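Quick look at the structure:
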């Protein structure tokens, strides 16, 4: 029997399954059998920015789901480039540059080029990446990654980096990034320069488009950061619709806490806080939900 989705218990066989969970006989208007792909027939809302949604959509499709793209956030340059420019002109004074997102890498590299520098200007300081996608973005620029934590959250960076006392560290981040990382580094004696490399903004969302998605049937909503969740969870009528049998899947505990604070249940939390980990956890939850209704699965097999 498959284990529970990481971070959440699986439904007990014969016990209660979250309303609308995919142990139902129909998904997306068709019967589902035990030989189908794990996410067959599920309509899954992808809230990532459009330029980053493809990887998640492809993984969902590979497991039989129908991804529905609805970007809830977008990115823009900072209101004032001067703090970042000041840091980039003086990179030789930093022991470390810590990147906490793919977007941080993108905006820093683009700004280096705008200032007449090559991305190789980042070679001298050591570079840390919060997760594998951020590390890949650095390597694509020809830059080595000196540190990657075993858990892809800010707290793990601080716990695993070692002694940072009196080391000057640059944090190029979003304007709404959590303050845990700079505060924890400062507590350990680091000299931290936190600068805004980009802004995270709510994407325009048409109520009619949202209503149409719910009316046509929505099985799962995925959130890959607190900022992707807020534009939906802050709308009372959307919260109500999400309580009506929609599986809520989050990339990690920080995102899950944001959703839960809005009064919504979270059914799936990825143990590995990556797109791959999110899809794996969702598939495990769906398979466990099917096993929680064994008689229904047998009935469906008889109908083949």
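In the working numbering, the protein residues as written are 301 to 604. We treat Cβ as the ideally placed atom computed from N, Cα and C, and that holds for glycine. Quick caveat, the model's predicted, so the values are computed rather than measured.
Output the distance between the C-alpha atoms of residue i and residue j, rounded to the nearest integer angstrom.
i           : j           : result
residue 587 : residue 516 : 23 Å
residue 400 : residue 430 : 5 Å
residue 427 : residue 578 : 26 Å
residue 419 : residue 411 : 9 Å
residue 308 : residue 499 : Summary for residue 308: the model assigns pLDDT 49, below 50, so the residue's position carries little reliability, and this model does not support an answer.
residue 323 : residue 464 : Any reading at residue 323 is ruled out, since the residue's pLDDT is 48, under 50, leaving its predicted position unreliable.
residue 518 : residue 534 : 19 Å
residue 408 : residue 575 : 23 Å
residue 502 : residue 403 : 16 Å
residue 566 : residue 553 : 10 Å
residue 449 : residue 457 : 6 Å
residue 546 : residue 436 : 33 Å
residue 570 : residue 582 : 8 Å
residue 597 : residue 529 : Its pLDDT being 36, under 50, residue 597 is placed unreliably by the model, and nothing is read from it.
residue 424 : residue 376 : 28 Å
Go to residue i, then tell me how far its beta strand (DSSP E) extends in each direction, as first and last residue.
i           : result
residue 487 : Per DSSP, residue 487 belongs to no beta strand (DSSP E); it is in the alpha helix (DSSP H), 480-487.
residue 344 : 343-346
residue 520 : 520-523
residue 396 : 396-399
residue 373 : 373-376
residue 429 : 426-429
Residue i: which of the options sits nearest, CA to CA?
i           : options            : result
residue 355 : 526, 504, 542, 433 : 433
residue 556 : 521, 368, 435, 377 : 521
residue 343 : 353, 402, 361      : 361
residue 470 : 421, 395, 351      : 395
residue 373 : 559, 523, 549      : 523
residue 467 : 397, 452, 421, 531 : 397
residue 512 : 336, 345, 559, 531 : 345
Return the bridge partner residues of residue i from the DSSP annotation.
i           : result
residue 409 : Paired residue(s): none; residue 409 is not in a bridge.
residue 368 : 345
residue 493 : 470
residue 498 : 474
residue 569 : 550
Within 10 angstroms of its Cβ, does residue i collect 16 or more other Cβ (buried), or is it exposed?
i           : result
residue 415 : exposed
residue 537 : exposed
residue 325 : Because residue 325 carries a pLDDT of 41, less than 50, the predicted location of this residue cannot be relied on, and no value is offered for it.
residue 392 : exposed
residue 561 : exposed
residue 341 : buried
residue 504 : exposed
Taking the alpha helix (DSSP H) that residue i belongs to, which residues open and close that run?
i           : result
residue 551 : Unbroken run through residue 551: none, as it is neither H nor E.
residue 384 : 382-389
residue 575 : 575-591
residue 507 : 507-516
residue 627 : The structure shown has nothing for residue 627, since the chain only spans 301 to 604.
residue 361 : 353-362
residue 531 : 526-533
Does any C-beta atom of chain C lie closer than 8 Å to the C-beta of residue i?
i           : result
residue 507 : You won't find chain C in this structure, because it holds only one protein chain.
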